[in-house]
Structures are given as C-alpha cells and as structure tokens.
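According to this note's numbering, the stretch in the sequence shown is residues 886 to 1231, in order.
Glycine included, each C-beta is placed from N, C-alpha and C at the ideal position.
Have a look at the structure below before the remarks.
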Amino acid sequence: MRRILVTGALGQMGSELAPALRARHGVERVVASDLATSASRPQAAEGHYERLDCTRLEDIRSFMRRHDVGEIHHLVAVLSAVAESDPERAWRVNIETLHNVLIAAREFGARVFFPSSIAAFGPSTPRVDTPQVTVQRPTTMYGVTKVAGELLCDYYAAHFNVDVRGLRLPGLVSYVAQPGGGTTDYAVEMLRAAALGERYSCFLAPKTQLDMMYMPDAVAAIIQLMETDPARLKHRNAYNVTAMSVTPAELAAQIRQRAPHFVVDYRVDPLRQSIADSWPQSLDASAARRDWGFAPRFGLAAMTEDMLCRLGARVDESKGPRRHGGTADAERKITRSARGATCRAR
Ligand code: AKB
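Structure representation (structure tokens):
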C-alpha cells in the first residue's frame, strides 16, 4: 500500500487530519510533513514526521520516492489576513507549492487533495446560498490563490489525469491547534476566551455572517471525498461545503447559554472586516450532499458545547454571580475541568 503524505501537517487542519488518516489507514501509511524540524514540535513525534519544504520540487520528488507516496493532502497555505500583508509570499506559498505538488503527483501517479475556501468567491458572487457554479472574482490575494489553485488542479486532472479533488472550506473551528491569520479565526478565539473565563474583543462586526464548520466534520468530509468513486464526482475542484452560517453575535449568544456572563465587545479591524464583507454569507452545499453524501454532524449549538467541553471548560453553577456578584466572579463561572471529560463522543 502506498503512503499518504500530509503537507503543512502542523497547522490547524493537519493537526487533526494526520491523526485521523493514521487511525483510518494505519500509522505506517501516513507521513506528516511541515517546515519545522521534528525536534522542535511535539505533535511531530505522534507518528511518522519529516521536514519538507514544498517550495523545492526536488525535495518533494525525493520525499515521494523514499516514502512511496501515492496520495498527497496539500495543506500548506498562508491564510487570508496574513496574505494581504505579504501578497507575493502568499502567491509563492499557496500556488508555487501546489504546482510543485501537482507536478510530482503527475510524475509519481499520486492522488491529491486540495483545500480551497469560501475565499474563492468575491463581492460579485451571489452572497446567499452561493451556488456550486457561479461567478468567482475574489478581491483578496488569498482568494486569488484559491481560484487559481482550483483551476490548476482541474487542469492537471483534465490534461494529465491526476486524480485531484478539493473542497471549498468555510471557517474551521477546532480546539487542537489554533488557526493563524485567517478572517474566520474570531470564532476559535471567542470560544477559547470563553473557556478560559476571559472577555473577548471581536475583530468582526456583530452581524457579519459567514459559513463555519467544526473540524471533525471537515476531516470526515475530506476522507469521504477522497474515498468516493471518481465517476460520481461532477465537480472535483472544488465542492462547496458548510455546516452553519453564523455571526459573531450568534456565537456569543450560544456561548452565553452555557456561560451567561461571558462578555464580548467589538473592535472592528477594517482589513478583516472588508475581507469578510467580500465573502459569501452562506454556501449551497447541495452538490456535495448529492454527489458524495456530505453530511456534517455539528451545528452551532453542538459545536459550541463540544468546543467548550474539549477546551476543558465547564460552567460551575456554584460560583454564580447571584451569590458572589461582580464581573470577576461572573467570569470565574467558567472553570477548567479535566480535558474533555464529559464531551460528546466522536
Ligand atoms: C480564512 O479565514 O482565511 C480561512 C478561510 C475561510 O479560508 N479560515
């Protein structure tokens, strides 16, 4: 059996996808890689890990030869807000590494998974129930790299028969590793603040509506897509997927149902707000449901519950403000407990 390579494996998505692939296919079949040396990151030791710089095609070739790689999950990416601060680097990291991976996949007969994003759409796209096939004119460098990536993947599939498949992912919410430099990161930041009993200053306005998905659903969708009979895939790069469409105010309200004194204020960051305002408010994921059975399990309430639980938070009713009074006591209502002790089973 040929091995599965996960690039960018120490990031938010890779930190959960690599272990899930190991659980499904066996520890020996998965090789995780990232820029860090194995000694510098503890997660790297959890299975087979090796440093790989995907800007270097020769290094990818040598890696694939040595490990007999037959499938690549290419997760290397600079996210939306960071991409705006250095667009040239975003192009190099997001597109040149993808092109190198596709070239190597073609040479070695490997399959590829490519994560596209809601960022592949722009202000001229219909914002509500954004169709699977529609206008794609993004105004961010991250979005430009995602549309270019989708097209490059389709080109390699059509011309060189590379079996490459992709998802247009919404904001991903996870407790294992934090996202870095995205526009949807507020959701993870808000939940982490709540779990620690801290207030949160949100960088998006309260009514900014965006699609989100809990990481276990994203990981399940990637695995399911890669296991689908190719004859059923009408779109390949890339399928719209989403589990919920929410605003910061709605997420804060969900959190308050479990921690009534959680406090959020809004200090809008103009850059990230303008990025969010250029993205869809809700995606139509019916093509993914129809073609390969996409069915996320977590909605907003279940995700909020599980996140707070997994982050080690629980509402300690005995420390309620009615008895103690004051904001400090109220914020102490959320206290740490054993990690994930009573969380919903996966
Ligand atoms: C970001 O916010 O940049 C990403 C994304 C939606 O692709 N999470």
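Residue span of the alpha helix (DSSP H) that contains residue i, given as start and end
i: Val997; result: Val997 -> not in any alpha helix (DSSP H); beta strand (DSSP E) instead, spanning 996-1002.
i: Cys1194; result: 1185-1195
i: Phe993; result: 982-993
i: His910; result: 899-910
i: Leu1136; result: 1133-1143
i: Asp1176; result: 1171-1177
i: Tyr1071; result: 1071-1080
i: Glu973; result: 972-976
i: Ser1159; result: 1155-1162
Close beta carbons around residue i, own chain, < 8 angstroms, minus the five adjacent residues each side
i: Glu1135; result: Leu1185
Residues near residue i in its chain [Cβ-Cβ closer than 6 angstroms; skip 5 each side]
i: Ala962; result: Asn979
i: Ala1137; result: Val1149
i: Met898; result: Leu960
i: Gly1066; result: Leu964, Ala966, Val967
i: Ser1163; result: Gly1007, Pro1008, Thr1024
i: Leu906; result: Ile889, Val915
i: Pro1055; result: Ile1003, Asp1096, Met1097, Met1098, Thr1127
i: Tyr1085; result: Met1075, Ala1078, Val1149
i: Thr1113; result: Trp1177
i: Val986; result: Ile957, His959
Anticipated Cβ contact below 8 angstroms, residue i with residue j, distance rounded
i: Arg1053; j: Ser1001; result: 5 angstroms
i: Arg977; j: Thr940; result: 7 angstroms
i: Asn1125; j: Gln1017; result: 5 angstroms
i: Arg1012; j: Val954; result: Not a contact, Cβ separation roughly 39 angstroms.
i: Cys1194; j: Pro1133; result: That belief does not hold up - the Cβ atoms of Cys1194 and Pro1133 are roughly 21 angstroms apart, past 8 angstroms.
i: Val997; j: Ile945; result: About 12 angstroms separates the two Cβ atoms, so there is no contact after all.
i: His984; j: Leu1037; result: 6 angstroms
i: Leu1118; j: Asp1070; result: Going by Cβ atoms, the distance from Leu1118 to Asp1070 rounds to 30 angstroms, so no, they are not a contact pair.
i: Val1047; j: Gln1094; result: Actually they are not in contact, since the Cβ atoms of Val1047 and Gln1094 sit about 36 angstroms apart, beyond 8 angstroms.
i: Ala989; j: Met949; result: 6 angstroms
i: Gly932; j: Ala908; result: About 10 angstroms separates the two Cβ atoms, so there is no contact after all.
Unbroken beta strand (DSSP E) run spanning residue i, endpoints
i: Cys1038; result: It is not in any beta strand (DSSP E) - Cys1038 instead sits in the alpha helix (DSSP H) that spans 1026-1045.
i: Val1020; result: Careful: Val1020 lies outside any beta strand (DSSP E) and carries neither H nor E.
i: Leu868; result: Given a span of 886 to 1231 for the chain in the structure shown, any question on residue 868 remains unanswerable.
Paired residues, beta bridge with residue i - DSSP
i: Arg936; result: Asp919
i: Ser1086; result: Asp1150
i: Arg1053; result: Ser1001, Asn1125
i: Val954; result: Arg888
i: Val963; result: Answer by DSSP bridge pairing: none, since Val963 is not bridged.
i: Leu1118; result: Answer is none; Leu1118 lacks a bridge partner.
i: Val1058; result: Tyr1099
i: Leu895; result: Leu895 is not bridged to any residue.
i: Ser1130; result: Asp1096
i: Leu851; result: With the chain covering 886 to 1231 only, the question about residue 851 has no answer from this structure.
Cβ neighbours of residue i in the same chain (closer than 7 angstroms, five flanking residues each side left out)
i: Ser970; result: none
i: Met1188; result: Val1058, Tyr1099
i: Glu901; result: Ser1059, Val1061, Met1100, Val1104
i: Thr1019; result: Thr1010, Pro1011
i: Gln1139; result: Leu1185, Ala1186, Thr1189
i: Ala1005; result: Gln1021, Pro1023, Gly1028, Lys1031, Val1032, Glu1035, Arg1053
i: Ala1170; result: Asn1125, Val1126, Thr1127, Phe1179
i: Thr1068; result: Ser965, Ala966, Arg1157, Ile1160, Ala1161
i: Gln1063; result: Gln897, Val1073
i: Arg1141; result: Phe1147
i: Phe1045; result: Arg991
i: Met886; result: Arg914
i: Asp1014; result: Ser1167, Asp1169
i: Cys1228; result: Asp1191, Cys1194, Arg1195
How about the region 1089-1106 and the region 1141-1159: do they share at least three Cβ pairs that are nearer than 8 angstroms? yes
Specify whether the region 1071-1080 and the region 1028-1041 touch according to this definition: at least 3 beta carbon pairs, one from each stretch, less than 8 angstroms apart. no
Sufficient close CB pairs (3 or more, under 8 angstroms) joining the region 1108-1120 to the region 1140-1148: no
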